[in-house]
Amino acid sequence: SRAENASKQIDGLIKSIAEQKKTLEGLTTSIADKNRSLARMRAERVGLTDMVAEARGALTFAQSANRMRKTMLEGLAQRREELRLQRDYREKIAAHNSANDFVEALRAKNNSELQARVDELQESVDGFTKQIDDLKISDGEQADLLKSKEVSLIKSQEAFDALAEAIDKARSAAENLGDVQLDSTVRELERTKSAIEPQITNARQDLETAKQSLAAIRTRLQETTAKREQASSDLVEVKNKLESFRRELDEAVANSNQAKAAVDDALADLRDSSERRFAVRSLSALSPEQLAGATIAGLELSDRFQNEATAEWENANKDKKPDVISAEEKKNQIDALIQKRRDQVVSTYVSLFAAPGGAPQDVFSATADQALFFANDGRIQGWLSPSNGSLMKRLQEMKDANVLASEMYLALLCRKPTEAEQAEVVAYLADRERERPKAIREVAWGLLSSLEFRFNH
């Protein structure tokens with residue numbers, strides 16, 4: 002019975018083991034299924050991750066492209082605006098030039114001739130007025146003389162007539178009375194009458210002459226008055242022409258000034274537009290090599306290097322005969338000396354402004370050594386010395402501070418100074434008139450060490 006129990010227990014155990022084995026096989030199958038499902042899920046997750054990454058990349062690219070398009074559109078819009086402003090500026094300049102030409106054309110007209118004609122006519126009017134005044138005086142004097150002669154003639158004629166009547170009465174009485182003495186008196190009266198008669202005739206002639214003189218004076222007075230009226234009329238006409246010309250000239254000058262103001266406004270708008278365009282344009286620092294080239298070009302060191310190299314070569318070869326070295330060899334040796342000086346400028350900038358080895362070379366970085374170089378380095382002061390052929394030499398020979406400021410900005414910054422900048426330079430030089438060469442170097446040093454000189458914009 003014990004064996005049977007043990008056998009039953011063993012059978013039960015075997016059966017239990019078989020069931021557990023079967024269960025384990027089911028679990029193993031289930032685990033395998035789950036592992037396969039998990040692998041599928043993992044594969045799907047990797048695919049989703051890749052899809053998300055691709056979607057993010059596409060989104061980033063789309064956003065970048067959109068920003069680029071937006072920047073491009075803004076740039077195009079500002080470019081169109083700049084072109085419009087440039088066209089407007091050119092039109093304003095053309096209008097100003099036309100207004101100036103018109104002013105010059107007016108000034109070239111017979112303005113001086115008109116003024117001379119006015120002066121001439123005014124002199125004529127004044128002359129005629131004086132003649133008229135003199136003639137009026139003569140007319141009055143002649144009229145008084147004529148009146149006096151008329152009165153004298155009337156009195157003489159009355160006396161003559163009375164004498165003739167007395168003679169007739171005396172003769173009649175002498176005949177009636179037969180008085181010899183009375184006859185003698187009659188003869189005496191007749192002699193007196195005969196003597197008076199030519200005087201009366203002469204008085205009549207004098208009176209007629211006086212009338213003719215008075216008539217001539219009055220004729221001249223009328224003619225002179227007519228001439229004065231004509232001259233006055235001509236004077237008024239010429240004065241009106243001159244006044245009209247002056248009004249036209251004043252109006253033309255005002256239009257020219259207005260056109261000049263329009264040019265200034267258009268230029269200011271153009272400058273503002275250019276400044277605004279910096280917001281969509283890249284602002285990058287010049288490379289060390291570019292800085293060196295800009296320094297050589299801006300300070301006009303090429304001619305200076307040419308002069309220095311030529312002098313150095315001539316000093317080194319002064320003991321050699323001219324025919325020992327050919328012209329081509331001389332040129333090559335001088336060119337090598339020039340290049341040596343250019344290389345020294347380049348190596349100076351590279352040593353200070355180039356990025357360290359292994360670092361990106363297109364990334365801007367500012368260092369204390371760079372600031373000290375511009376502030377204290379003797380090489381900068383050497384480049385700013387007024388050697389023959391250099392910018393500083395050319396600037397120091399200029400007397401007009403406005404021209405000097407314009408030339409300095411054009412040479413170093415490739416643009417003309419603004420009105421404020423130009424006024425500042427002029428005032429700075431005026432305050433340091435006794436140290437003008439030093440002041441010029443200081444202004445040039447300020448531009449050379451400015452951000453605008455270092456950056457390409």
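Just so we're aligned: the sequence shown equals residues 2 to 458 in my numbering. Where a beta carbon is used, it is the ideal one built from N, C-alpha and C, also for glycine.
A distance below 8 Å between beta-carbons, with the five flanking residues on each side excluded, links L208 to the following residues of its chain, in chain order: L147, K150, E151, L154. According to the DSSP assignment, E315 belongs to the alpha helix (DSSP H) that extends over 302–317. At least 9 Å separates the beta-carbon of I326 from that of N316. Here A310 is near I335, since their CB atoms are less than 9 Å apart.
In this structure, T186 lies away from A165, with their beta-carbon atoms at least 9 Å apart. Under the three-pair Cβ rule at 8 Å, the region 337–357 counts as touching the region 284–293. Shortest Cα-Cα distance from E75 to any of Q132, G447, S274, A356 involves S274. Its Cα nearest to that of V404, the residue Q423 stands out among D344, Q423, L392, S234. By the criterion of at least three beta-carbon pairs nearer than 8 Å, the region 89–101 is in contact with the region 261–271. Where D432 is concerned, the enclosing alpha helix (DSSP H) starts and stops at 420–432. According to the DSSP assignment, T349 belongs to the alpha helix (DSSP H) that extends over 328–354. The beta carbon of L287 sits closer than 8 Å to those of A295, R455, F456, N457, all from its chain and outside the five residues before and after it, given in chain order. L396 places its beta carbon 9 Å or farther from that of L448.
Rounded to the nearest angstrom, the gap between the Cα atoms of E45 and G58 is 19 Å.
In this structure, DSSP gives T368 a state outside helix and strand, which the three-state scheme calls coil. Contact between R229 and V126 holds, with the beta-carbon distance rounding to 6 Å and staying under 8 Å. Separation of D134 and N241 (C-alpha to C-alpha, rounded to the nearest whole angstrom) is 27 Å. Straight-line measurement puts the Cα of L452 at about 36 Å from the Cα of N98.
Distances from the alpha-carbon of G390 to those of A217, S303, Q340, Q371 put S303 closest. Secondary structure note for V325: it is in no alpha helix (DSSP H), with a DSSP letter that is neither H nor E.
Membership of L449 in the alpha helix (DSSP H) is indicated by the continuous run 437–449. For the pair L385 and K331, the Cα-to-Cα distance works out to about 28 Å. If the five residues before and after L243 are omitted, its C-beta is found closer than 8 Å to the C-beta atoms of N112, L115, Q116, V119, all from its own chain and listed in chain order.
Each residue's CA atom was taken as its position, placing Y410 and L430 some 15 Å apart.
Here E124 carries a helix assignment [DSSP, helix/strand/coil].
Around the beta carbon of P438, fewer than 16 other beta carbons sit within 10 angstroms, so the residue counts as exposed.
Taking a 10 Å sphere around the C-beta of R305, we find 16 or more other C-beta atoms and assign the residue as buried. Secondary structure of N389 (DSSP, three-state): coil. Less than 9 Å divides the Cβ of L86 from the Cβ of L271.
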